[in-house]
Amino acid sequence: MAPDTAKVLLRADSSPYTIIDSSSAELNSSGNGILNFNEALDGTGYFIVINHRNSIETWSAAPQSFTSGNLSYDFTTSSSQAFGSNMLQVDNSPVRFGIYVGDPNKDGVVDVSDAGQVDNDAANFVAGYVLTDLNGDLVVDVSDAVFTDNNSANFISKVTP
Ligand SMILES: [Ca+2]
Ligand SMILES: [Ca+2]
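Residues 29 to 189 (our numbering) are what the sequence shown spells out, left to right.
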């Protein structure tokens with residue numbers, strides 16, 4: 029993947045799933061990142077919520093807890109690592125899953141309004157670190173529009189408890 033910043037929230041394990049803490053870090057080309065949280069407690073369950081600038085917000089399948097100040101969670105091993113299995117297989121060897129991209133207006137749904145935004149920027153040859161560059165190559169073109177087209181056709185939206 030193209031390295032990019034993700035914001036990760038820790039949310040309480042029961043309704044209304046209050047935001048307990050948040051942290052941002054750049055995820056590397058393997059999708060790994062180390063985040064520091066100041067408010068998290070050992071032995072308390074938190075949903076891990078990934079927020080990325082133009083992707084669908086994605087929650088961990090179940091609450092996770094810290095032990096001795098550490099928590100490791102890998103979303104990529106199976107779609108079932110995400111709440112509602114809301115991820116897509118992005119590689120066969122090794123098998124890897126990723127969160128859905130294509131929500132530059134960040135309303136939790138990939139639909140025609142996102143596709144319109146990408147199509148407009150592609151028509152205007154927009155380049156750089158912009159929300160409509162969905163594959164992270166710093167250019168907005170038809171290869172980005174494929175994501176909004178496919179994911180809107182499949183009615184991709186965020187799935188939360
Ligand atoms: Ca959207
Ligand atoms: Ca692009």
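We put the CB at the ideal spot given by N, CA and C, even for glycine.
Euclidean distance between Cα positions of residue i and residue j
i       : j       : result
Phe-75  : Ile-62  : 17 Å
Glu-54  : Tyr-101 : 16 Å
Asn-66  : Ala-34  : 17 Å
Leu-99  : Asn-152 : 44 Å
Ala-150 : Ile-184 : 22 Å
Ser-42  : Ser-51  : 21 Å
Leu-37  : Asp-169 : 31 Å
Gly-144 : Asn-56  : 29 Å
Ala-40  : Asp-142 : 30 Å
Bounding residues of the alpha helix (DSSP H) (the contiguous stretch that carries residue i)
i       : result
Asp-135 : Here Asp-135 belongs to no alpha helix (DSSP H), and DSSP marks it neither H nor E.
Phe-183 : That residue, Phe-183, is in no alpha helix (DSSP H); it is neither H nor E in DSSP.
Continuous beta strand (DSSP E) stretch holding residue i: start and end
i       : result
Thr-33  : 32-40
Asn-79  : 74-80
Asn-120 : 116-120
Phe-125 : 123-126
Ile-48  : 47-55
Beta-carbon gap between residue i and residue j smaller than 8 Å
i       : j       : result
Asn-179 : Tyr-128 : yes
Ser-83  : Ala-110 : no
Val-138 : Thr-176 : yes
Pro-132 : Val-154 : no
Asp-70  : Thr-86  : no
Ala-68  : Gly-164 : no
Lys-186 : Gly-126 : no
Residue i in three-state terms, based on DSSP
i       : result
Ala-90  : coil
Ala-155 : strand
Asn-178 : helix
Ala-110 : strand
Asn-148 : helix
Val-170 : helix
Asp-142 : helix
Asp-70  : strand
Asn-98  : strand
CB contact check: residue i to chain B, cutoff 8 Å
i      : result
Ala-89 : Given the protein chain composition of this structure (a single chain), no chain B is represented.
(message) Could you check whether the segment 153-167 touches the segment 112-122, counting it as contact only if at least three pairs of C-beta atoms, one from each stretch, sit closer than 8 Å?
(response) Under the 8 Å Cβ criterion, the segment 153-167 does not count as touching the segment 112-122, having fewer than three qualifying pairs.
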